[in-house]
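Protein chains: 2
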Amino acid sequence: MAPGANGEPSVSPPKKRRLGSRYAVLGMLSMGLKTGYAMKKHVEGNLGHYWSESYGQIYPTLRQLVDEGLATCTEERRKGKPMRNLYAITSSGRKELREWLVVPPEPQPQRSELLLKLSFGDRVDSEACQKLIRDHSQQCERDLSYLSEIESALLEPPRKHRDQPYWLMTLRHGRAIREAELAWCNETLEHLRQLETERKR
Amino acid sequence: MAPGANGEPSVSPPKKRRLGSRYAVLGMLSMGLKTGYAMKKHVEGNLGHYWSESYGQIYPTLRQLVDEGLATCTEERRKGKPMRNLYAITSSGRKELREWLVVPPEPQPQRSELLLKLSFGDRVDSEACQKLIRDHSQQCERDLSYLSEIESALLEPPRKHRDQPYWLMTLRHGRAIREAELAWCNETLEHLRQLETERKR
DNA sequence: CTAGCCATGTAATCCGTTACATGATTGG
DNA sequence: CCAATCATGTAACGGATTACATGGCTAG
Chain A
0 MAPGANGEPS VSPPKKRRLG SRYAVLGMLS MGLKTGYAMK KHVEGNLGHY
50 WSESYGQIYP TLRQLVDEGL ATCTEERRKG KPMRNLYAIT SSGRKELREW
100 LVVPPEPQPQ RSELLLKLSF GDRVDSEACQ KLIRDHSQQC ERDLSYLSEI
150 ESALLEPPRK HRDQPYWLMT LRHGRAIREA ELAWCNETLE HLRQLETERK
200 R
Chain B
0 MAPGANGEPS VSPPKKRRLG SRYAVLGMLS MGLKTGYAMK KHVEGNLGHY
50 WSESYGQIYP TLRQLVDEGL ATCTEERRKG KPMRNLYAIT SSGRKELREW
100 LVVPPEPQPQ RSELLLKLSF GDRVDSEACQ KLIRDHSQQC ERDLSYLSEI
150 ESALLEPPRK HRDQPYWLMT LRHGRAIREA ELAWCNETLE HLRQLETERK
200 R
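Written out as structure tokens, the structure reads:
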């Protein structure tokens, strides 16, 4: 008998695929961004604190979306300016985006090089561990001022983008996490110093 | 003239490589874990909240470490038990591990599917956004109780592992972050409800 | 003239997971 | 006998970055 007949539940396991880039691009299309170049800039400038995307992902993805009918592409050649491909989302593109949006993201396996190093802290001296933490603390501080910059740029002109309230939520997330990191850094530095004096005794 | 002569600064740009798995494995060797299998178990059970590793990484890495003289391998065949390869770190392995430990990790590009979805929240109704946040909130809660489990297992028997104090630091990190996430979730739910009533007006 | 920005795209490569293949032992 | 656990490993695949290749326009 052919496999998979008879209503067996073994219709082939649903396979996990990531597809993050696909929907990031589709979402940016839905914001009205028209070129791959503009999307890269937008990722760097606005989404940098929680998303990244490279040309190597963006351009092939755009092509694929067009192939699947989720976007359209029109060439624009202007005299005196380089050629551009102008993309736009279609209604089936909007539909697929909405469907993706309501699916709760499954927890993605986190890898923190900092915590990995810290967990082996016993192999080096306390000073090295403390430096690790202080560097991280400084990075968080830099991140915080970067986030503030984006936030003021977002609030300054009173003309509100439709997505502005949601962008503010992501910014608050970045701030909340960085502040928690800072608190943990201070706490951890204290623990490291305690460990150090215990060791010396 | 041969390229690279004359002290040119173009000695080939130093190329970024990730190498996380390599040092995770080396570190676990330094803790005394002897088999690939044991390392996988340890990652799942103890490092799960900040690191992950698959067999597809572990076994080839172990072989590579032996090739480079950072570890040794001895076959152990016991009657009535399956064969094992027992690995041990060498002194050059310890040296390389220590060198890696003191290099501050460069910030790794974060990707949060949750924040990406939230940033496009305008495309779906407020209820869908709130569900996204509530699900995340629950996940954080589950993570917190999982962290507590590990912590009590770590504290229970008074026989302290040399790495115990450092593991506690990583656990506190997990807790700090999850608690900050929870606070942000509540704050954000409030904002979403406000947005909703504004829209309705 | 040249540096920098606009703009597109591809190929190589790396990193990592999943799925598969194998097989012995132990406990219920 | 069967499921779980111990134990090793590889092949295929997928996702993402990096580096390269190209080229015209603009401002200094």
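Residue numbers (numbering that gives the first Met the number 0), protein chains in the order written: chain A, 0 to 200; chain B, 0 to 200.
Heads up, the beta-carbon is just placed ideally off N, CA and C, and yes, glycines get one too.
Straight across, the Cα-Cα distance linking D66 (chain A) with N45 (chain A) is about 28 Å. With the criterion set as a beta carbon lying under 7 Å from some beta carbon of chain B, the members of the stretch 95-117 of chain A are L96, R97, L100, V101, P103, P104, P106, Q107, P108, Q109, R110, S111, E112, L113, L114, L115, K116 and L117, in sequence order. Residue contact check for A87 (chain B) against chain A: no CB pair falls below 7 Å.
Exposed is the label assigned to Q163 (chain A), since fewer than 16 other Cβ atoms lie within 10 Å of its Cβ. In the DSSP assignment, L85 (chain B) falls outside any alpha helix (DSSP H) and within the unbroken beta strand (DSSP E) covering R83 to I88.
For E75 (chain B), the enclosing beta strand (DSSP E) starts and ends at A70 to E75. Taking a cut-off of 8 Å for Cβ pairs, the stretch 27-42 of chain A and the stretch 79-86 of chain A touch, as three or more such pairs fall below it. If you check each beta-carbon in the stretch 116-147 of chain B against every beta-carbon of chain A, the ones closer than 7 Å belong to K116, L117, S118, F119, G120, D121, R122, V123, A127, L131, D134 and Q138.
K78 (chain B) is classed as exposed because its beta carbon has fewer than 16 other beta carbons within 10 Å across all chains shown.
Taking 8 Å as the upper bound for CB-CB distance, K116 (chain A) and L100 (chain B) are in contact here, some 5 Å apart. When the alpha-carbon of Q56 (chain B) is set against those of B:L69, B:Y22 and B:T73, the nearest one is in B:Y22. Taking a beta-carbon distance threshold of 7 Å, R161 (chain B) counts as an interface residue toward chain A. Contact between L113 (chain B) and P104 (chain A) holds: CB atoms are separated by about 5 Å, below the 8 Å threshold. Where Y49 (chain A) is concerned, there is no enclosing alpha helix (DSSP H), because DSSP gives it neither an H nor an E. Using beta-carbon distances, G68 (chain A) does not count as an interface residue toward chain B, since no partner is under 7 Å. Annotation for L18 (chain B): no alpha helix (DSSP H) segment contains it, and DSSP assigns it neither H nor E.
Counting along the chain, no alpha helix (DSSP H) covers T34 (chain A), and no H or E run does either. In the three-state reduction of the DSSP assignment, K80 (chain A) falls in the coil class, being assigned neither a helical nor a strand state. For P157 (chain B), not one C-beta of chain A is nearer than 7 Å to its own C-beta. Remark: C-beta atoms of T187 (chain B) and M168 (chain A) approach each other more closely than 7 Å.
If you compare the alpha carbons of B:I88, B:H48, B:T60 and B:V123 with that of Q138 (chain B), the shortest gap goes to B:H48. At a Cβ-Cβ threshold of 7 Å, G68 (chain A) and S91 (chain A) count as neighbours. When the five nearest sequence neighbours on each side are left out, the beta carbons in the same chain lying within less than 7 Å of the beta carbon of S136 (chain A) are those of L181 and C184, in order along the chain. For M168 (chain B), at least one C-beta of chain A is nearer than 7 Å to its own C-beta. Within chain B, not a single residue places a beta-carbon under 7 Å from that of R62 (chain A); the smallest gap is close to 21 Å.
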